[in-house]
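For the sequence shown, position 141 matches number 212 in the working numbering, and the numbering has no gaps at all.
One structure is given below, encoded as structure tokens.
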Amino acid sequence: MKYRKLSTTNENLSAIGLGCMGMSFAYGPVDDKESIATLNKALDLGINFWDTADMYANGINEQLISQVLVPNRDKIFIATKFGFRFRDGKASHSGAPGTYVDGSPAWIREAVDKSLQRLKIDTIDLYYAHRIDPNVPVEETVGAMAELVRQGKVRYLGLSEASAASIRKAHAVHPISALQSEYSVLTRDVEGEILKTTRELGISLVAYSPLARGLVTSVVDPSQLAADDFRKGLPRYSDEHLANNQALAKAFGEIAADKQVTPAQLALAWVLAQGNDIIPIPGTKKRKYLEENAAAVDVTLSPADLKAIDELLARFPDTGGRYSEASMKLVNN
Numbered sequence: 072m073k074y075r076k077l078s079t080t081n082e083n084l085s086a087i088g089l090g091c092m093g094m095s096f097a098y099g100p101v102d103d104k105e106s107i108a109t110l111n112k113a114l115d116l117g118i119n120f121w122d123t124a125d126m127y128a129n130g131i132n133e134q135l136i137s138q139v140l141v142p143n144r145d146k147i148f149i150a151t152k153f154g155f156r157f158r159d160g161k162a163s164h165s166g167a168p169g170t171y172v173d174g175s176p177a178w179i180r181e182a183v184d185k186s187l188q189r190l191k192i193d194t195i196d197l198y199y200a201h202r203i204d205p206n207v208p209v210e211e212t213v214g215a216m217a218e219l220v221r222q223g224k225v226r227y228l229g230l231s232e233a234s235a236a237s238i239r240k241a242h243a244v245h246p247i248s249a250l251q252s253e254y255s256v257l258t259r260d261v262e263g264e265i266l267k268t269t270r271e272l273g274i275s276l277v278a279y280s281p282l283a284r285g286l287v288t289s290v291v292d293p294s295q296l297a298a299d300d301f302r303k304g305l306p307r308y309s310d311e312h313l314a315n316n317q318a319l320a321k322a323f324g325e326i327a328a329d330k331q332v333t334p335a336q337l338a339l340a341w342v343l344a345q346g347n348d349i350i351p352i353p354g355t356k357k358r359k360y361l362e363e364n365a366a367a368v369d370v371t372l373s374p375a376d377l378k379a380i381d382e383l384l385a386r387f388p389d390t391g392g393r394y395s396e397a398s399m400k401l402v403n404n
């Protein structure tokens, strides 16, 4: 494994991290035994940057991770998030009617203690505001997060899906070490003012869904998704964009084959090539995909490769939105 620095700190994080959400939430049936094996395999591969959130199965994902985290605490840089809450107590995705954002200081103080209890640790390495609460000034949210650093409950602070303006306001209150946003060959919202801002301030970009939620790893067949797979509700998996995305995935796979790599490795190599300040955290719950993803650190893309990918994307522009309309209202705020 290769490593990259977290912002201006001396923390060495695996250049490819591990998104743990799918082990417990949103992507069909769970298999805790395989997930635990995958977490242990991550240690073997040198993947030390693990990502979770309190909303993933309403805390169950944090509890699952704790089984491997606790006995290996010194080997893992753990990130978790707060902010999403459920009105009826039932875990759901960000755009669901019963899901809302709470960035209030009172909830932050409660949420961090609950995450620490579930993770069974004393300190969270990186604590994110999962979304910017439109009803609470970001300065107030980050002020409360900064207090957690002073108390020793949290080491570094992050934001997720924040606008350039919110990043600047937050960073003025307390250093922000990471911005987590969706970033992949298909999702490039952050390019422009947001990425310019993180680079100006020395903030790392943590790229979630760098495989475009699996869209570029294989030819799309929405009918094969599990009944409770939240991708069924995403525009990119709808019939409207199906033909475009099937053709795109096929052509992307052909570029990967020419490089003698898998589509997933090509997609991750593309993200890695966008800058040393970017760390992708592909999610998986299976060892075989973890090993495949980890190998992407050894894939080098030439300027010609990058150009070919851009030209391919231009040929299939009708990919659809990355989130539902309701979920999109919560990003880049």
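Idealized CB from N, CA, C, for every residue including glycine.
If you're wondering where the values come from, they're calculated on a predicted model, not measured in any experiment.
Q.
Is it the case that the segment 371 to 390 contacts the segment 149 to 156, given that we only count it when at least three CB pairs across the two stretches are under 8 Å?
A. No: fewer than three Cβ pairs fall under 8 Å.
Q. Among residues of its own chain, excluding the 5 on either side of G223, which ones have a beta-carbon nearer than 8 Å to its beta-carbon?
A. Within the same chain, G223 has close Cβ partners D193, T194.
Q. Where in the segment 303 to 389 do unbroken runs of the beta strand (DSSP E), each at least 3 residues long, occur, reported from the N-terminal end onward?
A. Complete beta strand (DSSP E) runs here, min 3: 349 to 351.
Q: Indicate whether V261 and L276 have their beta-carbon atoms separated by less than 8 Å.
A: It is a contact, given that the beta carbons lie within the stated cut-off.
Q: May I have the straight-line CA-CA distance separating E362 from D122, to the nearest angstrom?
A: Taking the straight line joining both Cα atoms gives about 17 Å.
Q) Where do the ends of the alpha helix (DSSP H) carrying G412 lie? A) The requested residue 412 is not part of the displayed model; the chain covers only 72 to 404.
Q) When you compare only the Cα positions, how much space is there between I380 and E253? A) Looking at the two C-alpha atoms, the distance is approximately 18 Å.
Q: Starting from the C-beta of V342, find all residues in its chain whose C-beta is less than 7 Å away, skip the five residues before and the five after it, and write them out in chain order.
A: Around V342, the same chain offers Y254, S255, A278, P281, I349, P351 as residues with beta carbons nearer than 7 Å, after the five sequence neighbours per side are excluded.
Q | Residue range of the alpha helix (DSSP H) that includes D122 | A | For D122, there is no enclosing alpha helix (DSSP H); the enclosing beta strand (DSSP E) covers residues 120 to 122.
Q.
Can you tell me where the alpha helix (DSSP H) holding N111 begins and where it ends?
A. Boundaries of the alpha helix (DSSP H) around N111: 103 to 116.
Q.
Could you tell me the alpha carbon to alpha carbon distance between F148 and R75, rounded to whole angstroms?
A. Using only the alpha carbons, I get a separation of about 13 Å.
Q) My guess is that I274 and S248 are in contact by the Cβ rule of under 8 Å, so how many angstroms apart are they, rounded? A) With 8 Å as the limit, I274 and S248 qualify as a contact, their Cβ atoms being about 7 Å apart.
(Q) For A340, which residues in the same chain have their Cβ closer than 6 Å to its Cβ, ignoring the five residues on either side in sequence? (A) Shown here for A340: same chain residues with a beta carbon closer than 6 Å to its own, the five before and five after excluded, namely A367, V370, L372 in chain order.
(Q) Would you call the segment 123 to 135 in contact with the segment 83 to 99, where contact means no fewer than 3 C-beta pairs closer than 8 Å? (A) Enough Cβ pairs lie closer than 8 Å, so yes.
(Q) So, at 7 Å on beta carbons, what are the nonlocal neighbours of L140 in its own chain, with the 5 sequence-adjacent residues on each side left out? (A) The beta carbon of L140 sits closer than 7 Å to those of I147, I149, L190, I192, all from its chain and outside the five residues before and after it, given in chain order.
Q | Backbone CA spacing between Q317 and M216 [nearest angstrom] | A | Distance from the CA atom of Q317 to the CA atom of M216, rounded to whole angstroms, is 43 Å.
Q | Which of helix, strand or coil DSSP assigns to L228 | A | The answer is strand: DSSP assigns L228 an E or B state.
Q) If you compare alpha carbons, which of P334, G263, P176, I203 is closest to K240? A) For the residues P334, G263, P176, I203, the minimum Cα distance to K240 belongs to I203.
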